[in-house]
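Residue numbers (my numbering): 7 to 138.
Here is the structure we will look at, set down as C-alpha cells.
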C-alpha cells in the first residue's frame with residue numbers, strides 16, 4: 007500500500023514568523039499559515055501511522071522527515087501520537103517514543119541521541135496571553 011500513499015504539498019511557515027513563535031513573543035494563533043501547517047502535520051502523521059502499522063518502519067521514518075526539522079537514525083515513534091506543527095521538532099539517533107505522545111511545538115523540542123520515552127509523554131511549548 008505504500009506506493010498508493012499521496013503526500014500533501016509541503017506547507018512552510020516563513021522564517022520570521024517561526025522566530026517570533028520560538029522566541030515566546032505573542033503571535034496570531036489563528037493565522038491561516040498555522041492552520042494549514044496543522045493540517046499538513048496531521049496528514050503526514052496519518053501517513054506515518056499507516057506505514058508503521060503495515061510494518062514499513064523505514065518508510066515511516068522517511069515520511070517523518072517531511073514533517074520535522076531533523077530525524078536521526080533508528081527513530082521509532084509508536085502511534086498514535088500528535089504534533090501541532092512539527093517544524094520545531096528534532097530527533098537524534100536511537101530514539102524510541104511509546105504511544106500517545108503529544109508535541110505542542112510552538113518552540114523547539116529537541117530529543118537527543120539514545121533517548122527512550124514511555125507512553126503519554128507530552129511536550130508543551132505553547133502558552134497563552136496572561137494579561138486579561
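Even glycine gets a Cβ: it sits at the ideal position worked out from N, Cα and C.
Give the straight-line distance between the Cα atoms of residue i and residue j, rounded to the nearest whole angstrom.
i           : j           : result
residue 86  : residue 74  : 16 Å
residue 119 : residue 70  : 17 Å
residue 137 : residue 32  : 11 Å
residue 103 : residue 78  : 13 Å
residue 13  : residue 81  : 20 Å
residue 20  : residue 126 : 31 Å
residue 62  : residue 53  : 11 Å
residue 99  : residue 35  : 32 Å
Got a sec, what are the start and stop residues for the beta strand (DSSP E) residue i sits in?
i           : result
residue 123 : 121-123
residue 96  : 95-97
residue 89  : 87-89
residue 23  : Careful: residue 23 lies outside any beta strand (DSSP E), inside the alpha helix (DSSP H) at 21-28.
residue 31  : No beta strand (DSSP E) holds residue 31; DSSP gives it neither H nor E.
residue 130 : 128-130
residue 115 : 115-117
Going by beta-carbon coordinates alone, are residue i and residue j separated by less than 8 Å?
i           : j           : result
residue 58  : residue 39  : no
residue 117 : residue 88  : no
residue 131 : residue 106 : no
residue 94  : residue 114 : yes
residue 51  : residue 72  : no
residue 11  : residue 45  : no
residue 15  : residue 43  : no
Can you pull the DSSP bridge partners for residue i?
i           : result
residue 107 : 87
task: Would you mind listing the alpha helix (DSSP H) stretches within the stretch 49-74 that are 4+ residues and don't spill past its ends, in chain order?
output: 63-70
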